[in-house]
Every structure is written in structure tokens, then in C-alpha cells.
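S.K.: Have a look at the structure that comes next, please.
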Amino acid sequence: MSEHRHIIKTDAPPTSSVEDRSRGGGLWRDGLRRLGRRKLAMACLAVIILYFLLAGFIHLAELFDWPVGPMRWQEEAGKSYSPPGSKNIFGTDMFGQSVLRKTLYGAKISITVALCASLISIAIGVPLGAIAGYFRGFTDDVIVWIYSTLSSIPYILLILAFTVVLRDRSIFGHKLAGITAVYLAIGLTSWVGVCRLIRGEVIKHKDRGYVQAALSYGCGRWRIIFRHILPNVFHVVIIDFSLRFVAFVHAEVILSFLGLGETNNPSWGAMINDARMELSRGVWWQMVAATAAIFVLSLALNIFGDALRDSLDPKLRITRES
Amino acid sequence: MRDTRVKFLVFLFSAVLLITSGCERRPAEADADQMALRHVLYSRVSGLDPANVRDTYSRLVVSQIFEPLYDYHFLKRPYQLIPALAEQMPQISEDKLVYTIKIKKGVYFQDDNCFPQGIGRELEAEDFIFSLKRIADIKNLSPNWTYIDNRIAGLDEFREYTKTCRSAEDVDYSRNVEGLSSRDEYTLVIKLKKPWPQVVHSIMANTAFAPVAKEAVDYYGEDIISHPVGTGAFKLSAWRRGSYIELVRNGNFRGQVYPSRGEEGDAEAGYLDDAGRAIPFADKVVWTIIEEYRPTWLLFMQGKLDASVIPKDNYDEVMAGSGELTEAMKQRNIHLKTFSDPSTYWLGFNMADEVLGPNKALRRAISHAIDREKFIELFFNNRHLVAHGLIPPMMPSYNRRIKEKGYSKYDPEKARELLEQAAETNGGKIPGLKIAMPGIDTFYRQYGQFLKRNLNAIGLEVEIQYTDRPTYQERLNAGQVQMFASGHSAGIPDAQDFMSLFRSKNGTQAANGFNYSNARFDELYEQAQVMSDSPQRRRLYRQMELIVLEDCPAAFLNHRVAYVLCHDWYKNYKPHAFAYGLSKYRRIDKAKRSAYNELVKKSK
Amino acid sequence: MRTYIIRRLLYTIPIVFGVLLLSFVLFSVVGGDVSIEMAGEGAGAETIEEIRQEYGLNKPLLLAWDSQFVNHFKNALTFNFGKARDREPVIDKIKRGVGPSLALTVPMFFGVVIISVSLSLVLAFVHGSAWDTIGVVICVAGMSIPFLSFIFFGQYFLAYKWGLFPVFFSPDYSLAQNLGLPVLIGIAAGLGGNVRFYRTVMLDEMRSDYVRTAFAKGLSARRVLFKHVLKNAMVPVITRVVLAIPFLFLGSVLLERFFGIPGLGYLMVEAIGSRDYRIISAMTYISAILFVVFNLITDICYSLVDPRIALE
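Here is the structure:
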């Protein structure tokens, strides 16, 4: 079931406990201090940062043509299918390419996809949710209609449908090859959760004192939404996405596995797919390497996400269906 | 209040459970006293209407149920046609245009509800005419029309007529077609537009043109794809789409005996043990549809399949270094059969492309950059043959000295030199090239990677475009690809199929991807087309092949050699490159099969 | 009450409309004309034209009485999805796939629910102890393993190495034998996330006032847990279960692909491979309808039980 790792919120808007806003910025300062005290969470954060740095580094290396290890994944590092040893920690694949290098390179694909998908869904979900929550009425009805429609279609079906349709299509003269189609598909289908969340929060905040105060100063409605309310509810977005990120990483793996993802460069899903057949000849290392890479990243994200939620907003409950 | 709510939901919950638990189905148990052949299909079967077979696997199943006029001799090599539904080989008129064929008397369709009282009717010449018209009828969208396009007198006019009909029901099949007539109930006369000696192999021995009963078409309508009514040795008993197909013996089968003569060595191989006995032997044929090699292999080793290919990753388990089976395989009495497939695979170039088309040096460079031997080692465990030319080695027109020409030689040095020349011709560095792959699965991804590695090694930038097959086909037809991985397997023992890929596009034929055009080649093609197989014609083919190789519209890579394993209980399993309807010849030695099952049980 | 039901019914109309609109935009506007792909290798221009005619692809996209847009709606509302690429009616394919898919997902889903509710009760019972911590850590670890790896290692070790299950779906085995391993893998993969979810539900319930009262009355922990907490926690559990039921009809794309189970998940993968938009579109529509219907039923049932809802 965990392939439908989509996120369903209980329909009741989550109750926010952050009543005390007089000490501006206290929420974040307190939260981060609480977070800092959790050693495990900090270790996980370090792991996550490492993955991000690795992905960023490979992007830079690609840009400037640095001849670093992961960039040279295409080189022959040994004989075909040589087992893990001192020369190649994770052994080699069919073409004698180093599995370690491929795994490292795979981080770039996964992180890029998950990050871009997150950004797209935040860029769509947050403004729509805020507008719907603030204006209510007809605008609200339309936005709620759009996301109810999307959420009535099973997530995996929706993502697959989007990817299949978007693949190899050109939009504004730009061809949607490989991972672009993947993160567009994930992003365009995953904004529903955050939109619903923000809408609920905004509805609650709308009647709060600080909003009323801003209104009485004659602030414009857009200014109130984007300068006053959103910064106050944005921690919800951060928490939501720290957990959703994992789902995106896994979605990318599944799409790559189905052959719909990145194809010209190594990715974890493609590695797992290749390894599937090799197992009968006793070649297990490619499978294990890719699984381990995904496992460590998702474990770190899961633990860190939980800690972040507990620290920033102890009573907010973001539950996940898996 | 909460209690009622809970109770209600529990009720709902159990109702759903009850409804859904009803979806059981029976396990297919093989009866102990029946002789069942157990095979595997590597792909789903799309339909069992001969006129509409689109893929090899559908054709395989259809060929057990339907019979064409002629069929290949089971044992004799080189491949030879013998009459099946026909009484004897066709009588051909002087001008090579009119074929008169006598049909066997006393052949009955299988019993089916579409006939009065459910009893099969006798086959007549009209049934062949009806079946050919069905393929011409555009409402049927038959993919087999290309075989007879512009071949039979009056049939193209019939096709034009069907275009004017509003719906499939409006098409009048009694409409006269000049080239198709019956002299009496058992005599079929076919008139061609121009001489075409391959008509016997391409049409009359092709299951796609096997007779279909008009009653069945009328009775089942569009559902005919799942209700085959034929004259073959077997008939459909169960078809669970995407899962398995089961055929049983057709009680109305015309009767045939196992051949008593074959080629040299057949007697020693045990292929003549059943000589003179009535076929079919098996009561039942079961195909399980499994789209992956690994599970197939396991089922084979468990004794649940009679034969299997050797998956790439199980090769070491099966074959010892010397091209022999390993001891473990021999102990299990597993036999190896190899045969040369009439196929060639290549990396094609789109000659209409502005970079590749005018630059022969570039195309040659790419051809010399690909290490075919390494390719065959990595992907096919050294089993395939390097393609030095276009025509597969098993064809009579194969040129034994083609290797000396060195068109397919792996020579990175030469490739780099040629690439420099190519850059000059191009007026600057060769831009990044693109290769289209017809699939997105592991094999194609690794294949693409292999090509990329080879071309990168000589300093060419390439991007591999992996697309699903329909998209690939669409782009190929539209001429939107630069290079493409492709191949072809001949349907008849003649190289004509391969040659036709390289003739200039003519209006009716869809693009073949190469967009190749050579006036001399076309001229020779026209000449060879009207000739029957002869040394002159073979010489023409070799000449044409050399023209193609010199122009280099493709880098020819490999010819497939099939390696199949079978258990010792699977009798009369002689591989055949062209015939499909062979299940009727196969026999199972049930004692040996149960002995194997004992062996498997013990080893657990 | 009646007005509520009518209102609720009316509310489903725009959703169904939205789903149809979405599938139209995706498959007909963005996806484009598939007639060339459908015609296959070596097809002539006339065959392609005939296919365009047969499938109505030559009609105007919008803005006509007989446009593709109108036909899309007409066909969907009459459950006429046309023919798939291999010319078999789409609806037949779907009907055939439902059985195996449900046979896979129903035991899997309820297995996951029953086991994880029980485990979460245990964890809630030992809440705060080292066992609880270990349990949560295992859950998080289980959630972090990719689903593919679960399938992969399950198939390799349980079926291939140890021979406990058939490796692949085969008509020679009974349904129970065929589906045993996929169901087991599905349950194993689903446990992590679900146990953690239900544990939170249980803990929330344990923090409520009535539990405090029950404890204050001097009831034993076990009695409180089973008599009160479990009973009340069943409401969110069952709500979640009922809402998940429509998704069960879809089967499991990956499990079915791996084990060759001829269900709807497999159909989906196949449709992707051949770009058969009609199948994907029909499945999108049907699953959305199921979801909407189940939602409707649950809501109406709730309002029957609790009239306050209807007034909201």
C-alpha cells in the first residue's frame, strides 16, 4: 500500500497552539532551540544536508566540467560485474561502471526531482490556499472544486497519467525529457495537501487581532495575505514538506522503475530496475547500494520531519497515510 | 450515538468484505491422464482473428487453430512448402498471373454455435475469397493489408469501395472481385496484377490469410477476436486474457500423419520415432503468459514448462565454457537446441537527416565504432552472430564472403579518422546526435548505454531517446529521428523482406525510417521482385546488399541465434524458423515427465 | 435531512464534471492524436485516416455539437469507453482486472489494518517505555525502505531462494498460493506507516478527558484500553478504512507488475507502455466515481447517525 504514499489530512483544520505572537519571531526561535536539543534530529539534519550538498556539488561539477568521481560514472572501473572489494566498494555493473559512483550520482536526480516538485507544489498550493481561505465565497468554491477533483483521483494514477502525457511533449518549445516531466507531474498533482492546509490556517487567522489591526491601518488585502498572514502560517508548510519530501523521493524511484523517469543518467529507480534481473546471477550489490541510499535519506527525512513538527508546533498533527 | 455510528460502519465494512471475497476463480488443474503441452508466451495475445494478427505471439496461437493453403514441411531442410488445406501445389498459368488451387475435400470447420445445430460446415473455396476480402475491407483495419496491397486484380478496387461504406455492416462481400473466383466448390482461382512468385510463401502459406467462416464473423461480430473458428488441429477452450490460453484437440480436424522422412540426422535425433502416426498427439495446449524471463526460467526448472529460452543472467548456470550444457543440466536430462534465426538487427540512420544524410564518412565512422563482439558478449552471452551485412546467414542468398568486405569491423582508429573527415564535410565539429530506442525497459536502457559508450569513445556526443514503442513508431514514420535501433526477422525463407526496407519510398508504403533511396538499387529490386528463386536472383540480392552496405544507411549489428532448452519428455521439438503451427507434431513422454517431477521433489 | 442529501448529491456533480474535464484536457488536448501510433508499423495513410474516423479523432476538439469534448462526456456518462488499442472494449478489460486486483488488495489492506491496530494498541499500552521507542524506530525504518526493495527482496528470498511461494502468477496454482507472497509483502511494507499512524490515534484518545475520568474511577489500565480507548478510536480508524476502499479497486501497480497478477494495476502499466490513453482515462474516471460515491455514502450515513452534521 505504501506506493500510495499520499497524504490525507483529517478534514478538520488543524488546531494551532501558537497563540502567543507578541514576542515576534519567538515561534521560530523557540522551535529551533527545542530542535537543537534533539541530538538524533540534528544528526539526521546533517545527513540531509550531506545529500543536498552532494546533489548541489554534482550540479556544479556538471556545469563546470569538474572531473570528480560521480561525474565519471561512465568510466570503466573494473570488469563486468566485479563484486564489492577494495577497488570498488560497491562493485561494478554490467559495463564495469562503478556502482558507488552511480549511486552518488543518483542523489542528484532524486534530490533535484523532490526539490523541484516541492517548489512547484508550494508555488501553486500556498497562494491558492491563502486566497481561498481569505476571500472565501466564489473564489473559494472554485479552488476547493479544483482540489476536490484532483483528490478524488488516486494519487498514483494521477501521477502516472500526468507523467505519461507530459513525457516527450514540448511546452513553449522546451522538450519535457527525463526528469522535467517527472517533477512537473509530481508538482502539479501534489499541491492539494498544502493548499487545503493553508486554507484552513488562513481561515483561522483571518479573524485574529493582528489581521484586524492591519486592516484598520488600511492595509490592502493582498498585503495582508502575503505579508501578514502567510509568514505566520508558513511553518506549517515547512513541516508538511519535510515529510512530503520523502514521498517525492519514493515517487521518483517508482517512476524511474517504470521507465518514466531519467534515462540517460543513473538514478536509483533505474538501478533497482537493472538489478532485478542480475540477482539470479548473484549480483546483489547494485540493488543493495540503491536501496541503502534511499533508505538512509528517507530515514533521516522522516525522523527530522517528526522532530521539526514536534518542535515548531507540538499540537499540530500532520498525519500520513501510507 | 457513537455506538450506532460504529455499528453502522462495522456493517458497511463487513458488507464490502463479503462482496469482494466472492471474486475467486478456479485453479487450472491439469488432468493426470491427458497429454498437455505447457508453453509460455512472453507477451499478451491481442486477438485470435487471423485477419487481425499483429504480433508473433498472437500468430503462434492462431496458427494452431487455423490453417493456410500451404505449410512448411516439419522436418525437411532447406525449408520446403507442402500442401495443407490445398490438395496439391498451385497450377500457375504461362504468364505467371493466374494461380489455380485445388482444395482438399472433406475438411470441416470446428463445431461451433455459429453454425446450424452447432456442427462445423465443410470448407469451400469461397471461404478463402471471403477471408481475403476481409483483409482488404478497410473497416477491419487489418495490418496484413500491406502484404496484398496492389497485388491481386480487383482487390484494390474492393478496398476503395469499402471506404465509401458508412459502417462495417454495409460492406457487401458478395461484390465481385476480378482476381478472386472459385471454379467450383473446391477450386480457387487467384489472379495477380503482375507476376509475384513469392505469393505462395507470403500469402498462401501465411496464417493471416487462413480461411475464416463467414458464419462466425456474422455471429460474433466484433467479438470474433476472442472466438476463433478454424479448421486446425486445436480449438480454443479457455482464454483468460493476460493470464493463460488453453486449446484442446479439434475433433473435426482433417487428419494428418507425422512425416516419415526428414533431413539427415533426424532419425538419430529421434525426430522420426513417430513416423506415420496420426497427429495431433496432445489433447491440450496451455500457454501461460509471463512477460519476464526470470519466472519462466524458474517454472522451467520446476518442470512446469516443456521448453524455455536461456535468460541472459542464468547463462552461467546452464552453459559450460565449451558451448555445452553444464553437468547439472545434463543430470536433469535437459537438452539444448540451437537454430539460426532469419533476423538482422541494426542501428539505422535517417538518410533525410541534414547531418547524417550527406555525410557518409560519419555513418561509416559510427559503424566502425561499435564493438559488435563485445555487444554480443554482454547482451547475448556470445550467442548471436556479428552481422557483416544485411542478409542473415541462414538465407540461401547469404554472401559467404561478406565478412571480408569489413563493413562491420570494429576499428576505433579508423572510426576516428573517418570522423575527422566527417567533420570536414560537415564544415565543423559534428553536433550531438540522437538515437531513438523503441522501449523503456532495462534491455533498451542498457543497449542505449552501450551504444553511447561506444560512440563517446571515438569522440561523438550522443543522446539516447527512450520512448515507448508507439511513440517510437510515430516518430520513425514522421522521419523525426536521427538514428534508431531496430531490426527485422524474415517471415519467409527469402531475403526479399530485408530488401524491401531499402527501396525508395513509394506512395502506398509507409516510411521505413531509413529514407534511403538509390536508383540502381530500385532497379535491381524491380527486377528481382518478379523472379522466382534462382541463382540469378540470389546474385541480384547480393549485389543489392553491397549497394546498401556501401551507402551505409545503417550499422548492421547482429543476427539472432536462438538457444532453447527442453526437457527430455518433450518429443519432436525440432526448431523451425518460419512455421508456427507446430504444436500438433509435439508429443509428451508422460513417464519421463513424472520421473522429473519426482527428481524435483527429492531435491527439495 | 432530505435537503442535506440532495445538497450532497448536487455537490458531486461538479466533481464528476471536474474529473472528466481533467481527463479530457490531459488525454485529448495535451496527449494529442494517437491514430498513427494505433495503426502500428507499416500502416498506410488510409488506414490511419480510417482509425481517426473510427475513434472520432477527426472531429473538432471543441465548439461543435459533435465535438470530441461533448463525446468524451457523453461516453463517460454512459460508461462507454470505446475500444482499447488491441480492439477489445476497455470496459471488458477493466471488468476482468477487478477480480484479481481485489483478491490482492482486500486481504492486504485488511491485514495491514488489523495487524497495525493491534500493534498500535500494544505500543500505546507500553507507551513511554523502551519497547515503545523501539517500536517507533522500527516503524520509521520500515517506512523508509522503498516499496520496490520490499517486493524485490521478498520475491528473491521467500520465493526464489527458499521456495515458499510461487515466484510468478501461474494458473497452475490456486489463487491463495499465487497471492500469498504479494499480500505478505504488501502487509510488511504497509505496517510501518500504519502502526505509527494508529499509535498516534490511540495516544490522542488516551489523552482525552473521559480516559482520565476512567482512570480516576480506578479502572485497570487494560480495561480502560480495551473497553474505552479502542472503542472510541475505532471511529477514525473506520473512517479511514471506508475512505480507502475505493482505492482498493485499483490494485497495486508494482505488486501486480512484479508478480504478473492480471489485475488493474497491471493493466495500467500495460496501458502506459503502449500509450493507451483510453484505458488510463477510463480508469481515472471510474476510480474517481467510486471515490465520490463512497464519500457520499459515508457522509449520508454519518448524517443519519448524527443529525448535527446535516445542519452544518
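Order-wise, the sequence lines are chains A, B and C.
Residues are numbered in our numbering as their position in the first sequence, beginning at 1, plus a constant of 101.
Residues are numbered in our numbering as their position in the second sequence, beginning at 1, plus a constant of 140.
Numbering follows our numbering, with no gaps: position 139 of the third sequence is 133.
Here a beta-carbon is modelled for each residue, glycine too, at the ideal position from N, C-alpha and C.
(1) Strictly under 7 Å for the Cβ-Cβ distance: is residue 157 of chain A near chain B by that measure?
(2) Measure the C-alpha to C-alpha separation of residue 209 of chain C and residue 100 of chain C and round it to an integer number of angstroms.
(3) Interface residues of chain D around residue 285 of chain A at Cβ under 9 Å?
(4) Under the assumption that residue 159 of chain C contacts residue 152 of chain C (Cβ atoms under 8 Å), give the Cβ distance between them as a whole number of angstroms.
(5) Using a Cβ-Cβ distance cut-off of 7 Å, determine whether residue 392 of chain A contacts chain C.
(6) Can you tell me which of the three DSSP states residue 239 of chain B falls into?
(7) For a contact meaning CB atoms closer than 8 Å, what does residue 302 of chain A contact in chain B?
(8) Near residue 721 of chain B, what residues of its chain come up, given a Cβ to Cβ distance below 6 Å and the 5 sequence neighbours on each side ignored?
(9) Are the beta-carbon atoms belonging to residue 424 of chain B and residue 731 of chain B less than 7 Å from one another?
(10) Just to confirm, are residue 598 of chain B and residue 562 of chain B a CB contact at a threshold of 7 Å?
(11) With C-beta atoms as the reference, is residue 516 of chain B less than 7 Å away from residue 180 of chain B?
(12) So if DSSP puts residue 193 of chain A in a beta bridge, which residue, or which two residues, is it bridged to?
(13) What separation, rounded to the nearest whole angstrom, lies between the Cα atoms of residue 45 of chain C and residue 282 of chain A?
(14) With a threshold of 7 Å on Cβ separation, who are the neighbours of residue 136 of chain C within its own chain once the five nearest residues in sequence on each side are excluded?
(15) Could you name the residues that DSSP lists as bridge partners for residue 83 of chain C?
(16) If contact means a Cβ-Cβ distance below 8 Å, which residues of the region 603 to 623 of chain B contact chain C?
(17) Compare the Cα-Cα distances from residue 683 of chain B to each of B:700, B:672, B:665, B:670 and report the closest residue.
(18) Does the region 210 to 221 of chain B come close enough to the region 296 to 306 of chain B that 3 or more CB-CB pairs lie under 8 Å?
(19) Using a beta-carbon distance below 7 Å, is residue 374 of chain A in contact with chain B?
(20) Out of curiosity, what's the CA-to-CA distance linking residue 122 of chain A and residue 582 of chain B?
(21) Compute the beta-carbon to beta-carbon distance between residue 456 of chain B and residue 134 of chain A, rounded to the nearest angstrom, for a pair I have assumed lies under 8 Å.
(22) Using three-state DSSP, classify residue 301 of chain C as helix, strand or coil.
(23) Just to make sure I have the definition right: I need the residues of chain C whose C-beta is within less than 7 Å of the C-beta of residue 255 of chain A. Which are they?
(24) Let me check one thing: in DSSP terms, what residues is residue 85 of chain B bridge-paired to?
(25) Which value, in whole angstroms, describes the spacing of the CA atoms of residue 299 of chain A and residue 163 of chain C?
(26) In the DSSP assignment, the beta strand (DSSP E) including residue 706 of chain B goes from what residue to what residue?
(27) Please state whether DSSP places residue 284 of chain B in a helix, a strand or coil.
(28) In this structure, how does DSSP classify residue 598 of chain B when only helix, strand and coil are distinguished?
(29) Is the Cβ of residue 189 of chain A closer than 7 Å to any Cβ of chain B?
(30) Quick check on residue 482 of chain B - is its C-beta less than 7 Å from some C-beta in chain C?
(31) Quick one: which chain B residues come within Cβ less than 8 Å of residue 145 of chain C?
(32) Quick one: is residue 240 of chain B near chain A, going by C-beta distance under 7 Å?
(33) Any Cβ of chain B within less than 7 Å of the Cβ of residue 105 of chain C?
(34) Only counting the same chain, and skipping five residues up and downstream in sequence, which positions put a Cβ closer than 6 Å to that of residue 184 of chain A?
(35) Verify whether the separation of the beta carbon atoms of residue 215 of chain B and residue 420 of chain B is less than 7 Å.
(36) Since residue 142 of chain C and residue 200 of chain A should fall inside the 8 Å C-beta cutoff, what is the C-beta to C-beta distance between them, to a whole number of angstroms?
M.R.: Checking against the coordinates, here is how it stands:
(1) Among the CB atoms of chain B, none fall inside 7 Å of the CB of residue 157 of chain A.
(2) Between the alpha carbons of residue 209 of chain C and residue 100 of chain C lies a gap of roughly 37 Å.
(3) Looking for chain D here will not work: the only protein chains present are A, B and C.
(4) With a Cβ gap of about 6 Å, residue 159 of chain C and residue 152 of chain C count as contacting.
(5) By this cut-off, residue 392 of chain A is an interface position.
(6) In the three-state reduction of the DSSP assignment, residue 239 of chain B falls in the strand class, which pools E and B.
(7) Neighbours of residue 302 of chain A on chain B: none; closest Cβ ~29 Å, over 8 Å.
(8) These residues qualify, in order along the chain: 203, 204.
(9) No; because the gap between Cβ atoms is not below 7 Å, this pair is not in contact.
(10) Taking 7 Å as the Cβ cut-off, residue 598 of chain B and residue 562 of chain B do not qualify as a contacting pair.
(11) No. Outside cutoff.
(12) A:199, per the DSSP bridge assignment.
(13) C-alpha separation (whole angstroms): 29 Å.
(14) So the list reads 185, 186, once near-sequence residues are dropped.
(15) When beta bridges are read from the DSSP output, residue 83 of chain C appears opposite C:77.
(16) Using a CB distance below 8 Å, the part of the region 603 to 623 of chain B facing chain C consists of 608, 609, 610, 611, 613, 614, 617, 618, ordered along the chain.
(17) The shortest C-alpha separation from residue 683 of chain B is found at B:665.
(18) No contact exists between the region 296 to 306 of chain B and the region 210 to 221 of chain B.
(19) Residue 374 of chain A has a beta carbon lying within less than 7 Å of a beta carbon in chain B.
(20) With a pLDDT of only 43 at residue 122 of chain A, under 50, the local geometry of the prediction cannot be trusted, and the value read off the model is given with reservation. Rounded to whole angstroms, residue 122 of chain A to residue 582 of chain B spans 56 Å at the Cα level.
(21) Cβ atoms of residue 456 of chain B and residue 134 of chain A stay farther apart than 8 Å, at about 60 Å.
(22) In the structure shown, residue 301 of chain C sits in coil (DSSP, three-state: anything other than H, G, I, E or B).
(23) Those within 7 Å of residue 255 of chain A in chain C are 241, 244, 281.
(24) One cannot answer for residue 85 of chain B here, as it falls past the ends of chain B, which runs 141 to 744.
(25) The alpha-carbon atoms of residue 299 of chain A and residue 163 of chain C are separated by roughly 45 Å.
(26) According to the DSSP assignment, residue 706 of chain B belongs to the beta strand (DSSP E) that extends over 701 to 707.
(27) Note: residue 284 of chain B maps to coil in three-state DSSP.
(28) In the three-state reduction of the DSSP assignment, residue 598 of chain B falls in the coil class.
(29) No, no contact with chain B.
(30) Output row for residue 482 of chain B: interface = no.
(31) Simply none; closest approach about 13 Å.
(32) Closer than 7 Å: no.
(33) Taking 7 Å as the threshold, the shortest C-beta distance from residue 105 of chain C to chain B does not fall below it.
(34) Hits under 6 Å: 192.
(35) Not a contact, by the Cβ cut-off of 7 Å.
(36) Rounded to whole angstroms, the Cβ separation of residue 142 of chain C and residue 200 of chain A is 17 Å, and the two are not in contact under 8 Å.
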